[in-house]
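Residue numbers (the working numbering): 9 to 267.
Heads up, the thing below is written out as structure tokens.
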Amino acid sequence: METCLGILIPFVGTTIGAAMVFFMGKSIKESVEKILLGFASGVMIAASVWSLLIPAIDMSEEQGKIAWLLPTLGFLTGIIFLLIIDKILAHFQLEEEIILDHKASKMKKTSMLVLAVTLHNIPEGMAVGVVFAGAMIGNAGITMASAFALAIGIAIQNFPEGAIISMPLKGNGMSKGKAFLYGTLSGIVEPIGAVITIYLTSLIVPVLPFILAFAAGAMIYVVVEELIPEAQDINFSRFGIIGVSIGFSIMMILDVALG
Numbered sequence: 009m010e011t012c013l014g015i016l017i018p019f020v021g022t023t024i025g026a027a028m029v030f031f032m033g034k035s036i037k038e039s040v041e042k043i044l045l046g047f048a049s050g051v052m053i054a055a056s057v058w059s060l061l062i063p064a065i066d067m068s069e070e071q072g073k074i075a076w077l078l079p080t081l082g083f084l085t086g087i088i089f090l091l092i093i094d095k096i097l098a099h100f101q102l103e104e105e106i107i108l109d110h111k112a113s114k115m116k117k118t119s120m121l122v123l124a125v126t127l128h129n130i131p132e133g134m135a136v137g138v139v140f141a142g143a144m145i146g147n148a149g150i151t152m153a154s155a156f157a158l159a160i161g162i163a164i165q166n167f168p169e170g171a172i173i174s175m176p177l178k179g180n181g182m183s184k185g186k187a188f189l190y191g192t193l194s195g196i197v198e199p200i201g202a203v204i205t206i207y208l209t210s211l212i213v214p215v216l217p218f219i220l221a222f223a224a225g226a227m228i229y230v231v232v233e234e235l236i237p238e239a240q241d242i243n244f245s246r247f248g249i250i251g252v253s254i255g256f257s258i259m260m261i262l263d264v265a266l267g
């Protein structure tokens, strides 16, 4: 029951964020958007380090392997994986923009954002699944409390993610109900990915450090490639920095206090 509850927590965060479409205006105030993006970045950076990379290094060492080898390979593989995904998405987006008019192109761009976020949520779901799998094993150096800390942290950063998806959809003319549905569905892949990862626990134990680091690399890629650039603006850069600081601090406290 604890594991079932834990893997659903990030999805709840996305759903609550997407629900903001019912309570806010046509668009998010730019300063608020920058803080939310920065906040999500800070949470993901801290989660990648404390909840994924450090346990991966410790676990690799406990298995008698070179402590840094599998975590490094996993981290780089996660980044390369999303580099390939983003290149594929950019190719399809360019083709669509060539044949669509401006209004349709704007909606298509938003749709591509939904698809991109959905794909990027898969490694987050794997991350949650793999830490709960480690906690269930009992000898992987991961506690159930630290697994919940990661799930809560990802849920916190999923809140602005859900809002950032649903709000532009509504602004482009979509109904509130549909915008909420699309925002919510972007997060459904997380519990699915978590369940699959847990189901394969017996197979992934030897490569658990690699998978933890893979999830960390994928999350850092999303932060560096998308969230931080989006949070930067000549007039609002300080809001992004404030968001990163708060998000990083909260996730660090969660992980250290509960882990």
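Every residue, glycine too, gets a C-beta built ideally from N, C-alpha and C.
N- and C-terminal bounds of the alpha helix (DSSP H) containing residue i
{"i": "Q165", "result": "M152 to G179"}
{"i": "F247", "result": "S245 to L266"}
{"i": "G225", "result": "L216 to V230"}
{"i": "S39", "result": "E38 to A54"}
{"i": "E238", "result": "I236 to A239"}
Coarse secondary structure for residue i, derived from DSSP in three states
{"i": "M9", "result": "coil"}
{"i": "W76", "result": "coil"}
{"i": "G133", "result": "helix"}
{"i": "S59", "result": "helix"}
{"i": "L208", "result": "coil"}
{"i": "G201", "result": "helix"}
{"i": "M144", "result": "helix"}
{"i": "D109", "result": "Per-residue confidence for D109 stands at a pLDDT of 48, beneath the threshold of 50, marking its modelled position as unreliable; the derived number appears in the next sentence. Correct three-state label for D109: coil."}
{"i": "G195", "result": "coil"}
{"i": "F31", "result": "coil"}
{"i": "S68", "result": "helix"}
Nearest-angstrom Cβ-Cβ length linking residue i and residue j, presumed shorter than 8 Å
{"i": "Y190", "j": "I162", "result": "That belief does not hold up - the Cβ atoms of Y190 and I162 are roughly 20 Å apart, past 8 Å."}
{"i": "G86", "j": "A239", "result": "Not quite, the Cβ-Cβ distance comes to about 21 Å (not below 8 Å), so this is no contact."}
{"i": "A171", "j": "I36", "result": "7 Å"}
{"i": "L45", "j": "L262", "result": "Actually they are not in contact, since the Cβ atoms of L45 and L262 sit about 20 Å apart, beyond 8 Å."}
{"i": "W76", "j": "I65", "result": "7 Å"}
{"i": "V125", "j": "E169", "result": "6 Å"}
C-beta neighbour in chain B for residue i, strict 8 Å
{"i": "L177", "result": "Of the chains in the structure shown, none is chain B; there is only one protein chain."}
Rounded C-alpha distance that separates residue i from residue j
{"i": "S257", "j": "F47", "result": "10 Å"}
{"i": "L193", "j": "S253", "result": "29 Å"}
{"i": "F31", "j": "I43", "result": "18 Å"}
{"i": "E10", "j": "A153", "result": "10 Å"}
{"i": "M260", "j": "A155", "result": "13 Å"}
{"i": "L216", "j": "M67", "result": "8 Å"}
{"i": "L158", "j": "V264", "result": "11 Å"}
{"i": "F244", "j": "M28", "result": "22 Å"}
{"i": "L90", "j": "Y229", "result": "7 Å"}
{"i": "T80", "j": "L97", "result": "26 Å"}
{"i": "F218", "j": "M52", "result": "18 Å"}
{"i": "H110", "j": "K178", "result": "Per-residue confidence for H110 stands at a pLDDT of 47, beneath the threshold of 50, marking its modelled position as unreliable; no derived number is given."}
{"i": "L61", "j": "I150", "result": "12 Å"}
{"i": "G50", "j": "Q71", "result": "31 Å"}
{"i": "G225", "j": "G14", "result": "22 Å"}
{"i": "P237", "j": "I249", "result": "12 Å"}
{"i": "A187", "j": "G25", "result": "11 Å"}
{"i": "L127", "j": "E69", "result": "31 Å"}
{"i": "T165", "j": "G21", "result": "The identity of residue 165 in the sequence shown is Gln, whereas the question assumes Thr. If you take the alpha carbons of Q165 and G21, they lie about 8 Å apart."}
{"i": "A141", "j": "S210", "result": "9 Å"}
{"i": "R246", "j": "P214", "result": "43 Å"}
{"i": "I93", "j": "A143", "result": "30 Å"}
{"i": "S56", "j": "F19", "result": "18 Å"}
{"i": "L266", "j": "S59", "result": "11 Å"}
{"i": "L84", "j": "K184", "result": "39 Å"}
{"i": "P176", "j": "M182", "result": "9 Å"}
{"i": "P63", "j": "L78", "result": "12 Å"}
{"i": "I106", "j": "F167", "result": "Confidence at I106 is low in this model, with a pLDDT of 47, below 50, so the placement of that residue is unreliable and no value is reported for it."}
{"i": "K95", "j": "G255", "result": "29 Å"}
{"i": "V291", "j": "A202", "result": "Examination of residue 291 is not possible in this model, given that the chain is present from 9 through 267 alone."}
{"i": "M227", "j": "I74", "result": "24 Å"}
{"i": "E38", "j": "I145", "result": "45 Å"}
>> Counting beta carbon pairs with one atom in the region 131-138 and one in the region 191-207, are three or more of them shorter than 8 Å?
In response: Contact between the region 191-207 and the region 131-138 is present, because at least three Cβ pairs lie under 8 Å.
> Touching or not, the region 200-215 and the region 136-155, by the rule of three or more beta carbon pairs under 8 Å?
Replying inline: Contact holds: three or more Cβ-Cβ distances are below 8 Å.
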